[in-house]
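Take a look at the structure set out below.
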Ligand code: ADP
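Numbering (the working numbering), first residue to last: 483 to 1194.
So, in structure tokens, the structure goes:
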């Protein structure tokens, strides 16, 4: 029993022990886990501590670096400020800073120097005080302005957002320019710069320029005077030679007279060239803009050159682009000069062959059309080495062959300058011994209104053109079309039959009769001096002819013929009633030079007119008032009342009395654009330049003769 209890107790104890062991194991497990946790935590903590320590150390480093940098920056700033002030102190310009209340903050010694130790001019002083000291101490020259006014003006200047610059004359005569700038904080920085030297230089330059301009004016005036002085006697020489040509002369005498005349013309050309050249040099030459007919200009120049061309048997050609506008805007006088030069040279340097002028339309840009002009000759050509030089001043190709040619060597220099002034270019291509081609481009204006009603034939004007000229009709055809003519075939009704011939066909009258044409007949020819048989009722037109003249002649001929008035082989028995006896034209002219009076009178000898010649403007006005003439010719430079003044007085007289304006023609030895303008401004509508040409004088009288007045 005891044993059993013992066994029970034993097993109880064993169970208790087992339970205790399990508990112990569990507890020690828990303890171990807690320990591990603690260890992890401790490790994390120590890591944190290490990190914190590191951060701390870095922060400490940064702080000391920052301190060092700050010290360096401060040092730098101090140095920069010192340098800045050293600079500001040493610069010759005055420099000052004012705060937003316009009180002086700082000024450099240059700024303060004029105040020479005035105690009130120091930091804190107001701008107004400083201005007041300026005037009171006589530091500035107010240029006669009252002190208060000057101060007010200077203060008002500072009110502006952008303070304008001002120049002040100081007591010692130096000039200081003040440039003041407002900063974004309202301070005003003021910089004063001594500009006396610049002003002196500017004044010297101005004086030098004025002197140069005066010199250039004097030169131009001298040249203009010289030109006038030479032209007046040349009028006698050339005019008399012109008249002498019309008298009975033998061959030798004629040659002498021609030499006098040609030499006179050559001398005048030289004077004109020199005058133009000096004007271009002095930038005095203005390019005009007016409507003109380029084709007409080319024809005019050809006509001028035709005697020289005929002499050498040179053929001329003129080609015009059909697209060429009939009217252009430019300077016809200067373009004529370019053409005269190029075409004149072509004729001068060509002994045989042909001269061709081609005008093309190259480009159109809005109201501007670029025209190409080409002048080609078959002359002596230009050596390759001289091509670039010929446009130079006074350059002539000096060799055996062309030493004999006259000229100044200025023509192409002037031509090139004129072309360039008009915005164009000129070039030359040449083969020695074969010929030269000068090409230039000219940008010209297009007129707003392309219509040319004034220059056209009556609408529906029909012309039957018969070409017997072996291909020369093209130019004439174009001219006729330009005038608005309708060109019709053989069997159609026409206002006019126009025969273009190089020579008169044999038995001309029969040829015309055989053509079956019953209207008026005109014969056009390029042969000067061609005459029609006296009994041919046909009219002769010598080509080339100005378009306007061609139009007038064609209308006249068509009108004179009348419908059904055919070719008549019998002399015309005038069926018209006798016209009333025409009165004679009364011409009043003023010219102070006795020789030129004589020349003028002699030039008009062939006309049945009454000429009243007076010697100055005063006499012209009184002669006019005493008996108003049909036409007035007047010299311009005359002693006392000159031609311009006299013309103005005549125009005023007409306006007062209600008389119709008399046609007036100026005769002047001054060949300049300004002169032409002055002539126009004085109320003189027409202009002849001296020396006078007989043809020009006679045709002026003819064209201004009123209707019903006889001349022949
Ligand atoms: P010039 O008054 O001598 O004609 P330019 O300036 O008009 O003066 O011409 C200069 C030179 O260029 C002429 O002297 C001549 O040698 C040469 N020259 C000009 N045009 C031609 C041409 N069409 N043919 C040959 N030579 C020419």
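Glycine included, each C-beta is placed from N, C-alpha and C at the ideal position.
Can you give the beta carbon distance from residue i to residue j, rounded, assuming they're within the 8 Å contact cut?
i: residue 1180; j: residue 1089; result: 7 Å
i: residue 894; j: residue 759; result: The Cβ separation is near 11 Å, so there is no contact.
i: residue 825; j: residue 839; result: 7 Å
i: residue 1018; j: residue 980; result: Their Cβ separation, rounded to whole angstroms, is 14 Å, which puts residue 1018 and residue 980 out of contact at 8 Å.
i: residue 778; j: residue 1029; result: 6 Å
i: residue 697; j: residue 1081; result: That belief does not hold up - the Cβ atoms of residue 697 and residue 1081 are roughly 36 Å apart, past 8 Å.
i: residue 705; j: residue 757; result: 5 Å
i: residue 923; j: residue 852; result: 5 Å
i: residue 713; j: residue 1173; result: 7 Å
i: residue 645; j: residue 669; result: Contact flag wrong, Cβ pair sits at about 12 Å.
In whole angstroms, what is the alpha-carbon distance linking residue i and residue j?
i: residue 948; j: residue 857; result: 30 Å
i: residue 747; j: residue 710; result: 15 Å
i: residue 823; j: residue 1065; result: 44 Å
i: residue 767; j: residue 878; result: 24 Å
i: residue 1161; j: residue 1134; result: 15 Å
i: residue 653; j: residue 597; result: 11 Å
i: residue 657; j: residue 581; result: 26 Å
i: residue 1071; j: residue 976; result: 45 Å
i: residue 935; j: residue 772; result: Per-residue confidence for residue 935 stands at a pLDDT of 47, beneath the threshold of 50, marking its modelled position as unreliable; no derived number is given.
i: residue 507; j: residue 517; result: 15 Å
i: residue 723; j: residue 731; result: 12 Å
i: residue 659; j: residue 1118; result: 54 Å
i: residue 487; j: residue 519; result: 47 Å
i: residue 1136; j: residue 1185; result: 22 Å
i: residue 615; j: residue 665; result: 26 Å
i: residue 537; j: residue 527; result: 15 Å
i: residue 605; j: residue 579; result: 9 Å
i: residue 499; j: residue 485; result: 20 Å
i: residue 493; j: residue 504; result: 16 Å
i: residue 1177; j: residue 818; result: 20 Å
i: residue 1051; j: residue 1004; result: Unreliable positioning characterises residue 1051 in this predicted model, as indicated by a pLDDT of 36, which lies under 50. The coordinate reading is nonetheless provided below. The straight-line gap from Cα to Cα measures roughly 15 Å.
i: residue 1085; j: residue 1069; result: 13 Å
i: residue 1053; j: residue 993; result: Residue confidence for residue 1053 is low, a pLDDT of 40 falling below 50, so the modelled location carries little weight and cannot support an answer.
i: residue 762; j: residue 901; result: 12 Å
i: residue 896; j: residue 876; result: 10 Å
i: residue 1112; j: residue 847; result: 47 Å
i: residue 531; j: residue 510; result: 31 Å
i: residue 729; j: residue 1024; result: 24 Å
i: residue 946; j: residue 794; result: 34 Å
i: residue 972; j: residue 1183; result: 40 Å
i: residue 1048; j: residue 1031; result: Because residue 1048 carries a pLDDT of 38, less than 50, the predicted location of this residue cannot be relied on, and the following value inherits that uncertainty. C-alpha separation (whole angstroms): 24 Å.
i: residue 1164; j: residue 1157; result: 11 Å
Name the two residues that bound the continuous beta strand (DSSP E) containing residue i.
i: residue 1150; result: 1146 to 1150
i: residue 950; result: 944 to 950
i: residue 672; result: 670 to 676
i: residue 1092; result: 1091 to 1096
i: residue 991; result: No beta strand (DSSP E) contains residue 991, which is instead part of the alpha helix (DSSP H) from 990 to 996.
i: residue 879; result: Element bounds for residue 879: n/a, residue is neither H nor E.
i: residue 855; result: 850 to 859
i: residue 837; result: 836 to 847
i: residue 630; result: First-last for residue 630: 629 to 641, but that is the alpha helix (DSSP H), not the beta strand (DSSP E).
i: residue 1070; result: 1065 to 1072
What residue range is occupied by the uninterrupted alpha helix (DSSP H) comprising residue i?
i: residue 593; result: 591 to 594
i: residue 576; result: Note, residue 576: premise wrong, no alpha helix (DSSP H); beta strand (DSSP E) at 576 to 580.
i: residue 597; result: Here residue 597 belongs to no alpha helix (DSSP H), and DSSP marks it neither H nor E.
i: residue 652; result: Premise fails: residue 652 lies in the beta strand (DSSP E), 648 to 652, not in any alpha helix (DSSP H).
i: residue 811; result: That residue, residue 811, is in no alpha helix (DSSP H); its beta strand (DSSP E) goes 810 to 812.
i: residue 1079; result: 1076 to 1085
i: residue 1018; result: From DSSP, residue 1018 is part of no alpha helix (DSSP H); its letter is neither H nor E.
Given the structure, does residue i come close to ligand 3, in the sense that its CB is under 7 Å from one of the ligand's heavy atoms?
i: residue 859; result: What this structure holds is ligand 1, not ligand 3.
Requested in this report: Note down, one range per segment and in chain order, each beta strand (DSSP E) of at least 3 residues found wholly within the region 905 to 931.
Outcome: 907 to 913 and 917 to 927
Query - Every unbroken alpha helix (DSSP H) within the region 1123 to 1186, with a cutoff of 4 residues, ordered by chain - result: 1125 to 1139, 1155 to 1163 and 1176 to 1186
Query - contact_flag[the region 726 to 742, the region 668 to 683] where n(CB pairs < 8 Å) is 3 or more - result: no
Requested in this report: Write down every uninterrupted run of the beta strand (DSSP E) in the region 739 to 786 whose length is 3 residues or greater and which is fully enclosed by it, in chain order.
Outcome: 772 to 774
Query raised in the report: Is the region 562 to 577 in contact with the region 590 to 601, if contact means three or more CB pairs nearer than 8 Å?
Result: yes
Query raised in the report: Are the region 1144 to 1156 and the region 683 to 694 touching by the rule of at least three beta carbon pairs closer than 8 Å?
Result: no
**Report entry** Cβ contact (3+ pairs, closer than 8 Å) linking the region 543 to 561 and the region 622 to 632
**Finding:** no
**Report entry** Stretch-stretch touch, CB-based, cutoff 8 Å, three pairs: the region 847 to 862 with the region 905 to 919
**Finding:** yes
Query raised in the report: Can at least three beta-carbon pairs, one atom from the region 985 to 994 and one from the region 960 to 967, be found at a separation below 8 Å?
Result: no
Query - Given 8 Å, three or more beta-carbon pairs between the region 558 to 567 and the region 648 to 668 - result: no
Query raised in the report: So, do the region 825 to 835 and the region 902 to 909 have three or more beta carbon pairs nearer to each other than 8 Å?
Result: no
Report task. Quick one: which unbroken alpha helix (DSSP H) runs of 4-plus residues sit fully inside the region 952 to 980? Chain order, please. Result -> 955 to 964
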